[in-house]
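K.L.:
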Amino acid sequence: LCRFPLESVRGVPLMRPIAENFDSIWEFNPHPLDLLIATYPKAGTTWTQEIVDLLLHNGNAELCKRAPTPVRSPFLEIVSPKPIPSGLDLLNKMDPPRMIKTHLPIQLVPPGFWENKCKVIYVARNAKDNLVSYFHFDRMNQTQPEPGPWDGYISKFMRGELAWGSWYDHVRGYWLQREQKNILYLFYEDMKEDPRREVERIMRYLDLSLSDDIISRIVALTSFKNMKENPMSNYSCIPTHVFNQSISEFMRKGEVGDWRTHFTPDQSNTFEEDYKNQMKDVDIPFRDSV
Ligand code: A3P
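Per the UniProt record's numbering, the sequence shown starts with residue 20, numbered consecutively.
1. What does DSSP give as the partner residue(s) for Phe156 in the beta ladder?
2. Work out the CA separation of Asp285 and Thr88 for me, nearest whole Å.
3. Scan the region 134-202 and note each continuous beta strand (DSSP E) run of 3 residues or more that stays entirely inside, going in chain order.
4. How many angstroms separate the CA atom of Leu75 from the CA atom of Thr289?
5. Determine the direct distance from the alpha carbon of Asn263 to that of Arg158, and round the result to whole angstroms.
6. Ignore the nearest five residues each way along the sequence and tell me which others in Asp307's own chain have a CB closer than 7 Å to its CB.
7. In angstroms with no decimal places, state the Cα-to-Cα distance between Ile303 and Asp170.
8. Keeping to the same chain, check which residues put their C-beta closer than 8 Å to that of Pro32; ignore five residues upstream and five downstream.
9. Measure the C-alpha to C-alpha separation of Arg236 and Ser242 and round it to an integer number of angstroms.
10. Looking at Ile202: is its Cβ nearer than 8 Å to the Cβ of Met118?
11. Please look up how many angstroms separate the CB atoms of Pro49 and Phe132, rounded, as I've assumed it's under 8 Å.
Here's what the structure looks like:
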């Protein structure tokens, strides 16, 4: 096992096994009932997957446990003798409707998702918290490129040199096409502020109608505390040579504004100056980032 180098696919740095497999990813033809959950890494993917999984199973956690989603596949693949880094093989063995996760920026999402009018949920998280979370993830995930020192990591983030490319392009790309492509665009900060409201929003988007009791149960099961204790969501099943959670836990803090304990005032000013410039053409209502 090693930390994968990055290779550019149409200008986006991806981890080598994914870049090498990109042609077959691009050709993947989903079923119209498949659901895509798309995020920049560390924006709240696992949380959203857990909510969606429970919504689709009427709040029955046992059913979710019996049907682990392709979300877990990248890790199964890495530890399997024959790596299948794209998750495609596993996906092709499953029956639709499938819940599929991706960190690809919108221009690299297989066109079949749009042709088949699949539902797509995007989750965005404010840049600084997203960066902090990614930094700790890169420290502990032994397959991601080395994060290097904190100050340099901020620069790499600003330049879009981390795996999956530029955060700025990522959040902007899905934002600009959300209406035309019927994408549900969620914010991590909204989920923290009022999880029930956001669970209900997802439920409506999925054309589901669950009872108040079941919604309450889903909200409780997907609290940070419960997910941290749940082996299906805390990734304790991933061996330590892949996820070294003694360096940093997967379910690390789950807070809004943790960037304040990481950025110096100088780093914060530089970041904000650059942010204004990179985001000047788009007005995405991020909160708690300054
Ligand atoms: P932190 O590193 O800031 O704690 P992803 O699933 O996209 O990799 O995102 C992981 C981030 O989401 C981590 O952020 C993790 O703690 C947070 N997270 C996961 N489940 C959560 C929950 N139920 N409530 C709040 N935050 C959650």
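Idealized CB from N, CA, C, for every residue including glycine.
P.N.:
Quick look at the numbers:
1. Phe156 pairs with nothing; no bridge assigned.
2. Its pLDDT being 41, under 50, Thr88 is placed unreliably in this model, and the coordinates cannot settle the point.
3. Within the region 134-202, complete beta strand (DSSP E) segments of at least 3 residues are found at 138-143, given in chain order.
4. One C-alpha to the other measures close to 43 Å.
5. In this structure, the CA atom of Arg158 is about 8 Å from the CA atom of Asn263.
6. Within the same chain, Asn145, Glu208, Val275, Gly276 come within 7 Å of Asp307 by CB-CB distance, once the 5 residues on both sides are set aside.
7. So the alpha carbons of these two residues sit roughly 26 Å apart.
8. Leu25, Glu26, Gly179, Glu180, Leu181, Ala182, Trp183, Gly184, listed in sequence order.
9. Their Cα atoms are separated by approximately 10 Å.
10. Not a contact, by the Cβ cut-off of 8 Å.
11. That belief holds up - the Cβ atoms of Pro49 and Phe132 are roughly 6 Å apart, short of 8 Å.
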